[in-house]
Structures are given as C-alpha cells and as structure tokens.
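Written out below as structure tokens is the structure these notes cover.
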C-alpha cells in the first residue's frame with residue numbers, strides 16, 4: 057500500500073482488537089481507492105467485504121465512507137502541510153528556489169497518495185462535514201502562515217501592500233489546487249516546470265517589491 | 057434575468073421560431089439555476105415544464121442538460137476572458153494595479169452570473185465533454201497569454217526564469233479557481249482584498265525579478 061497510512065497499535069488486548077478491526081477497514085478502503093475505485097463508486101458494502109468485518113463493527117469506527125476517506129488522507133495531507141510549516145519557519149525570504157523545492161516535496165507526497173487525495177477532495181465536494189474539516193485545516197494553516205508573513209513584514213522582507221491572512225489563504229489554496237490539478241491531469245514530465253512556476257510565482261507574490 | 061445571456065434573433069420566420077424555442081429553454085434553465093436549483097438537481101423535465109416546450113424540441117437544440125448549462129455560462133465566461141485579453145494587449149508591465157482592476161472586473165462579471173458559473177463548473181465535474189470544453193477554452197486562452205509573455209520576455213520586462221505556457225496556465229487556473237471559491241464561500245466585504253491579493257501576487261510572479 058502506497059498510502060503511507062499508519063495507525064496507533066495499542067498494547068492492551070481490547071485496544072489491540074479494536075485497532076486491528078479499524079486498521080483492516082482503513083486498509084481495505086485504501087486498497088479499493090488505490091485500485092481505481094472512485095469515491096462516488098466506493099460503498100460501505102465493498103469495504104466490509106474486503107475487510108471481512110461486520111456492518112456494526114464498521115459504524116463503531118466511522119460515521120460513513122466520507123469520514124473513512126478523510127481519515128485515510130489526513131496523514132499525508134498533514135505531511136505536506138508540515139513541509140510548508142518547515143519552510144516558513146526557516147529562512148523563506150532567502151530565495152524562491154527554497155519554495156520551489158518545498159512544492160516539489162509536496163508533489164512527491166501527493167503523488168504517493170494521489171488516489172487518497174483525489175478521494176478526499178471528492179468527499180469534500182459531496183459531504184459538507186468533510187468540506188468543513190478541509191476548510192478548517194486550511195484556515196488553521198493559513199493563520200500560521202499569516203503570522204510568519206506579519207513577522208517578515210516587520211523585518212521589511214515581505215510586501216506590506218497585502219494583508220497577511222489574504223496572502224496566506226491565496227498561497228495555500230493556489231498550491232493545493234495546482235498540485236491536485238497537476239496530479240489529476242498533468243504530465244509527469246512537467247513536474248519540474250510546474251513546481252518551479254508555482255514556487256517562483258508565489259515567492260515573488262510575497263517577497264517581490 | 058441577470059445572466060446577461062442573449063441569443064441571435066433570426067429574421068426569417070422559421071429561424072425566429074427556432075430561436076424562440078431555444079431561447080425559452082435557455083431562459084427557463086437560467087431561471088431555475090438563478091432561483092437556487094443546483095446543477096445536480098436540475099432535470100430536463102423541470103426545464104421542459106418551465107419553458108413549456110416538448111421533449112423532442114429540447115433535444116433538437118441540446119444534447120443534455122450539461123450542454124445547456126455550458127451554453128448559458130459561456131457568454132459571461134467569454135466576457136471575463138475578454139477582460140484578460142484586453143489587459144494583456146494593453147501595457148501589462150506598467151503596474152500590478154492594472155491587473156487587480158482587471159480581476160475586479162472579472163469578479164463583477166462572475167457575481168452577476170455566479171449561479172451559471174457554479175452550474176458550469178459542476179457540469180464540468182460531472183460530464184467529461186463539458187470538462188474537455190472548459191479545459192480547451194482555458195488552453196486556447198493560455199496560448200494567447202503565453203505569446204504575450206514571450207514578447208514581454210524579449211523586451212526584458214517579464215521574467216525569463218519560467219516557461220511562458222506554464223506561467224500562463226498557472227495564472228489562468230489560479231484566477232478562475234480563486235474567483236469561483238470567493239464567489240461560493242467568500243464575504244463580499246473582502247472583494248477589494250481578494251482582487252488586490254490576486255492581482256498583485258500574479259503580477260509579481262510575471263514581472264518581479
């Protein structure tokens with residue numbers, strides 16, 4: 057499985073049984089998605105069959121298939137967000153090439169998890185709760201980025217012509233939609249051109265003046 | 057109707073009858089969408105009832121509801137694309153404020169047609185033919201923009217560190233997804249901050265060095 061998904065393995069027996077059932081469900085759903093099943097075609101029934109668990113066990117762990125897909129995608133989305141956090145807490149003003157490298161790292165994570173990411177965005181489009189969770193995660197990341205931009209404005213490194221929170225939201229949404237679009241429709245040969253375009257353009261949006 | 061949709065009014069009687077039926081179908085669909093019906097809930101039956109036309113008449117003009125929605129949205133999408141074309145053929149290098157003003161103009165067009173735009177993007181997500189048409193329109197606009205960027209590179213005004221076609225696609229996709237996201241989820245009070253952020257950031261991505 058290329059999802060990179062891991063779950064906590066409890067040491068108590070009851071906790072272990074629970075974790076194992078939960079993990080089997082997660083792995084079955086990931087296998088179906090990686091095998092080409094779209095979120096809209098994924099059913100709880102298919103997951104039950106693949107995992108060999110009962111319906112009542114499923115609902116002990118997940119409210120519905122959208123919640124399941126959200127759990128599957130969150131670790132790798134979190135990993136991509138961490139790459140952004142690391143860059144912002146380093147020396148972001150030094151060069152656009154650092155941002156391009158960070159975007160390239162995100163693309164690598166996204167490609168290793170592209171079916172899960174696609175299913176997560178499909179789930180968000182179909183389910184208001186998942187959409188709210190995704191928007192909440194983006195907004196909390198935007199708040200961190202906005203704080204860094206404010207600090208860089210005080211050092212007169214970042215442009216003072218834009219409000220940090222709007223610039224932060226713009227950068228996050230643009231990075232995410234560009235990467236997802238490229239993973240879905242783009243050509244792998246264009247990886248370098250895409251990450252360079254994204255990294256350089258976004259960098260000059262903050263540090264160009 | 058705020059769709060801004062107009063159709064050619066033929067002068068021959070047969071042409072006029074045809075145009076009138078077609079126009080009634082278009083206006084009925086536009087009214088349903090502007091009245092809050094989502095693309096997924098729009099049915100050909102509803103449109104037939106509202107327009108007072110027969111099923112066979114409908115299929116004389118439109119292959120399906122996706123084709124109908126595409127026809128409804130294209131004029132205003134074309135108007136927004138024209139605002140971009142005008143800016144690129146003016147003096148784009150002079151200031152980021154010109155691009156912010158152009159984005160503001162697109163937002164005004166988008167807001168007057170937001171239900172049609174939303175339905176069009178929903179149709180593209182649901183129907184591969186509409187998706188291909190939308191991508192084709194974006195690609196042909198990108199080719200025009202890339203030509204202008206090439207010319208501006210030769211004048212040493214635009215950055216030479218990026219390939220024009222990748223930069224053009226990035227700008228177009230970013231503008232469209234940002235505006236659609238703002239129309240769907242954003243606050244009208246943020247209009248000025250959004251168009252300023254978008255215009256300034258994208259401008260520095262091309263002209264910053």
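Residue numbers (the numbering used here), protein chains in the order written: chain A, 57 to 265; chain B, 57 to 265.
Even glycine gets a Cβ: it sits at the ideal position worked out from N, Cα and C.
For this session: Could you tell me if the beta carbon of residue 249 (chain A) falls within a distance shorter than 6 Å of some heavy atom in the ligand NAD?
Result: Although the ligand NAD was asked about, the structure shown includes no ligands whatsoever.
Exercise. What number of angstroms, rounded off, separates the C-alpha of residue 76 (chain B) from the C-alpha of residue 226 (chain B)?
Worked result: It is roughly 40 Å from the alpha-carbon of residue 76 (chain B) to the alpha-carbon of residue 226 (chain B).
Problem set entry | Proximal residues of chain A, C-beta to C-beta of residue 229 (chain B) below 8 Å | Within 8 Å Cβ-Cβ: 233, 234, 237.
Exercise. Can you tell me whether residue 266 (chain B) is buried or exposed, with buried defined as 16 or more other CB within 10 angstroms of its CB?
Worked result: Summary: the structure shown does not reach residue 266 (chain B), with chain B confined to residues 57 through 265, and so no result is reported for it.
Problem set entry | Closest Cα partner of residue 109 (chain B) within the set B:90, B:133, B:138, B:81 | It is B:81 whose Cα lies nearest to the Cα of residue 109 (chain B).
Exercise. Looking at the C-beta of residue 249 (chain B), does it have a partner C-beta in chain A at a distance below 7 Å?
Worked result: With 7 Å as the cut-off, residue 249 (chain B) counts as an interface residue toward chain A.
For this session: Spell out a yes or no on whether the segment 231 to 241 of chain B and the segment 220 to 235 of chain A are touching, meaning 3 or more CB-CB pairs, one atom from each, closer than 8 Å.
Result: Contact holds: three or more Cβ-Cβ distances are below 8 Å.
For this session: Just the chain B side, please: which residues come within less than 9 Å of residue 127 (chain A) by C-beta, in chain order?
Result: Annotation: residue 127 (chain A) has no Cβ neighbours in chain B at a cutoff of 9 Å; minimum Cβ distance is about 24 Å.
Problem set entry | chain A contact residues for residue 76 (chain B), given Cβ-Cβ distances below 8 Å | What residue 76 (chain B) touches in chain A, judged by beta-carbon distance under 8 Å, is nothing: the nearest beta carbon there is about 37 Å away.
Problem set entry | Contact check, residue 172 (chain A) vs residue 104 (chain A), beta carbons under 7 Å | No, the pair does not count as a contact, with Cβ atoms beyond the cut-off.
Problem set entry | Chain-order list of residues whose beta-carbon lies under 8 Å from that of residue 194 (chain A) (same chain, five-residue window excluded) | In the same chain as residue 194 (chain A), and ignoring 5 residues on each side of it, the C-beta atoms closer than 8 Å to its own belong to 225, 228, 229, 232, in chain order.
For this session: Tell me whether residue 261 (chain A) is buried or exposed, calling it buried when 16 or more other Cβ atoms sit within 10 Å of its Cβ.
Result: Counting C-beta atoms within 10 angstroms of its own C-beta, residue 261 (chain A) has 16 or more neighbours from the protein chains shown and is therefore classed as buried.
Problem set entry | CA-to-CA distance, residue 249 (chain A) to residue 165 (chain B), given in whole angstroms | If you take the alpha carbons of residue 165 (chain B) and residue 249 (chain A), they lie about 32 Å apart.
Problem set entry | Whole-angstrom distance between residue 92 (chain A) and residue 199 (chain B), CA atom to CA atom | A straight-line Cα-Cα distance of about 33 Å links residue 199 (chain B) and residue 92 (chain A).
Exercise. Can you list, in chain order, the stretches of the alpha helix (DSSP H) that have 4 or more residues and sit fully within the segment 129 to 194 of chain B?
Worked result: Counting whole runs of 4 or more residues, the segment 129 to 194 of chain B contains the alpha helix (DSSP H) stretches 152 to 168, 170 to 182.
Exercise. If residue 170 (chain A) sits next to residue 239 (chain A), beta carbons under 8 Å apart, how far is it from one beta carbon to the other, in whole angstroms?
Worked result: Sure, about 5 Å apart at Cβ, within 8 Å.
Exercise. For the segment 213 to 227 of chain A, which residues have a CB atom closer than 7 Å to at least one CB atom of chain B, in sequence order?
Worked result: Going along the segment 213 to 227 of chain A in chain order, one finds 217, 218, 219, 222, 223, 226 with a Cβ nearer than 7 Å to chain B.
For this session: Note down, in chain order, every chain A residue with its Cβ under 7 Å from the Cβ of residue 192 (chain B).
Result: Ordered by position in chain A, no residue passes the 7 Å Cβ test against residue 192 (chain B), which lies about 12 Å from the chain.
Exercise. Closer than 7 Å, CB to CB, is residue 146 (chain B) near chain A or not?
Worked result: No, residue 146 (chain B) does not count as interfacial toward chain A.
Problem set entry | Closer than 7 Å to chain A by CB, residue 260 (chain B) | Interface residue, yes.
For this session: Can you tell me which of the three DSSP states residue 264 (chain A) falls into?
Result: In this structure, residue 264 (chain A) counts as coil in the three-state DSSP scheme.
For this session: Answer yes or no: does any C-beta atom of chain B fall closer than 7 Å to that of residue 245 (chain A)?
Result: No, because no Cβ of chain B sits closer than 7 Å to the Cβ of residue 245 (chain A).
Problem set entry | Residue burial classification, residue 191 (chain A) (beta-carbon count within 10 angstroms, cutoff 16) | Counting C-beta atoms within 10 angstroms of its own C-beta, residue 191 (chain A) has fewer than 16 neighbours from the protein chains shown and is therefore classed as exposed.
For this session: Kindly indicate if chain A contains any beta-carbon less than 7 Å away from that of residue 264 (chain B).
Result: With a threshold of 7 Å between beta carbons, residue 264 (chain B) makes contact with chain A.
Problem set entry | Of the residues A:219, A:247, A:256, A:179, the one placed nearest residue 126 (chain A), counting alpha carbons only | Taking only the C-alpha atoms, the option nearest residue 126 (chain A) is A:179.
Exercise. Contact check, residue 145 (chain B) vs residue 215 (chain B) under 8 Å by CB: the rounded distance?
Worked result: So it is not a contact: roughly 20 Å between Cβ atoms.
Exercise. Leaving out the 5 sequence neighbours to the left and right, which residues in its chain are closer than 8 Å to residue 111 (chain B) when beta-carbon positions are compared?
Worked result: Beyond the five residues adjoining it in sequence on each side, residue 111 (chain B) comes within less than 8 Å, by CB distance, of 100, 104 in the same chain, given in chain order.
Exercise. Expressed to the nearest angstrom, what Euclidean distance is found between the alpha-carbon atoms of residue 119 (chain B) and residue 106 (chain B)?
Worked result: Residue 119 (chain B) and residue 106 (chain B) have their C-alpha atoms roughly 18 Å apart.
For this session: Could you tell me the distance, in whole angstroms, from the CA atom of residue 59 (chain B) to the CA atom of residue 128 (chain B)?
Result: Legend: pLDDT at residue 59 (chain B) = 42, less than 50; position of this residue unreliable, value from coordinates given subsequently. Between the alpha carbons of residue 59 (chain B) and residue 128 (chain B) lies a gap of roughly 8 Å.
For this session: State the start and end residues of the unbroken alpha helix (DSSP H) segment that holds residue 237 (chain B).
Result: Where residue 237 (chain B) is concerned, the enclosing alpha helix (DSSP H) stretches over 220 to 241.
Exercise. Is the CB of residue 164 (chain A) under 7 Å away from at least one CB in chain B?
Worked result: No, residue 164 (chain A) lies away from the interface with chain B (no Cβ there is under 7 Å from its Cβ).
Exercise. Are residue 222 (chain B) and residue 251 (chain A) closer than 7 Å when you measure CB to CB?
Worked result: Contact: no.
Problem set entry | Same chain, Cβ closer than 8 Å to residue 140 (chain A), neighbours up to 5 away in sequence not counted | Listed in chain order, the non-local C-beta contacts of residue 140 (chain A) below 8 Å within the same chain comprise 158, 162, 197, 201, 228, 231, local neighbours out to five positions each way being set aside.
Exercise. Does any residue of chain B bring its CB to less than 7 Å from the CB of residue 253 (chain A)?
Worked result: True, the Cβ-Cβ gap to chain B drops below 7 Å.
For this session: Using alpha carbons as the reference points, say which of A:150, A:83, A:78, A:87 lies closest to residue 117 (chain A).
Result: Measuring from the Cα of residue 117 (chain A), the nearest candidate turns out to be A:78.
For this session: Can you pull the chain B residues whose beta carbon is under 8 Å from the beta carbon of residue 256 (chain A), in chain order?
Result: Against residue 256 (chain A), the close residues of chain B are 215, 217, 218, 261, in the order they occur along the chain (beta-carbon pairs closer than 8 Å).
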